[in-house]
Amino acid sequence: MKLLTYLTNDQPLRLGVLVDENTIVDPQQAYIELLKEQGQERAEEIANALLPHNPTEFIANGDLALQTAKQAISFALENKQESSAVYQYDNVQIGAPVLKPNKIICVGLNYKNHIIEMNREFPEHPVVFAKFATAIAGPNDVFPLNSNLTKKLDYEAELAFVIGKTGKDIAYDEALDYVYGYTVANDITARDMQKRTIQWLQGKTLDKSLPLGPVLVTKDEIPNPHSLDISLTVNGEVRQNSNTEQLLFNVNHLIKFLSGIFTLEPGDVICTGTPGGVGEAQNKFLRDGDVVKVEISGIGAIETVIKEVSQS
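Just so we're aligned: the sequence shown equals residues 10 to 321 in the numbering used here.
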């Protein structure tokens, strides 16, 4: 299943499911219609509880929510002409597939060629840092560049995964059981801000510096997250081109490592690091008007326009 969030003129961002390139179904709305068809008088209350429109809450409801959503979506598609739960992709605005997770954990120096190009030694343990929820942006959102704040804005194509259930001290061989799905990320980074102190945070968590999407693909559709092509272009020029098989610490390792430090919770977003080809290594930083596209096989592509914001 491919989860996303969508926005219409009369409602805020809410959970949807992409069923084909042109069709989105709102699982909560579809379930309300199904329950009413069955004569259920408390259809709205039941649907709100089991299929909430907030993606993090939906994820926390686990397999029951997924299976119920599939039934509701099938009902909506069978009654497409009468259903108010079916939308055309081009008629809505798409948001990030996860909106306000409890945690956003990012991993640095996790592709061998990126470590080499940054003149760093291979780390013994994963290098981790955090971003805030205000950094999340939709798959086609504009990034507001403040060139008075940073002169070295960089890109980082990344595979991100989302946790599906609570876990602590998770075993390596059981790690993928805790993954809900996978999405595309761009860890937009202000390199000059990142390096002006020994802590990376200030250069890593600017508002809208983590575009995600276009969908969150559930793990059943990606049985092996360690064989995915990943690429990034700037204005059509290929800057990064790799495969997740090059990860130094793979998804299993990261889940085992991180869950040994803190409890992982449904909706937590973990970004796995970026391959070689970052702008800093080439002295090619992002400027006003640049178009950055990140694509991962089996998931899709996100595209971010860099736009200078007016300064007072």
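No residue lacks a Cβ here, since even glycine has one placed at the ideal position from N, Cα and C.
Its Cα nearest to that of L108, the residue L12 stands out among V28, E254, A58 and L12.
Closest in alpha carbon position to I305, among T253, G276 and S218, is T253. Boundaries for I179: no beta strand (DSSP E) harbours it, and the DSSP string shows neither H nor E there. Spatial neighbours of Q211 in its own chain (CB-CB distance under 6 Å, excluding positions within 5 residues in sequence) are listed in chain order as M202. Rounded to whole angstroms, V95 and S240 show a C-alpha spacing of 32 Å. In the DSSP assignment, T65 falls within the unbroken alpha helix (DSSP H) covering P64 to A69. The Cβ atoms of V224 and G309 lie closer than 8 Å to each other.
Going by beta carbons, A105 and A146 fall inside the 8 Å limit. In this chain, N111 is not harboured by any alpha helix (DSSP H), its DSSP state being neither H nor E. Taking a contact as a CB-CB distance under 8 Å, the pair F84 and A74 does not count as one, their CB atoms being some 16 Å apart. Per DSSP, S268 lies in no beta strand (DSSP E) segment; the continuous alpha helix (DSSP H) that holds it begins and ends at V260 to S268. Ranked by Cα distance from Q102, the first of T214, V260, E30 and P148 is P148. The distance from the Cβ of G71 to that of G190 is about 13 Å, inconsistent with a contact at the 8 Å cut-off. Distances from the CA of L237 to each of H262, N250 and E246 were compared; the closest alpha carbon is that of N250. Excluding its 5 nearest sequence neighbours in each direction, D186 has no C-beta neighbour in its own chain below 7 Å. Under the 10 Å beta carbon count, H134 is surrounded by fewer than 16 other beta carbons and is classified as exposed. In the three-state DSSP reduction, K228 falls in the helix class (H, G or I). The segment 224-234 makes no contact with the segment 285-299: fewer than 3 CB pairs, one atom from each, lie closer than 8 Å. Relative to L295, the option among T283, Y98 and E165 whose CA is nearest is E165.
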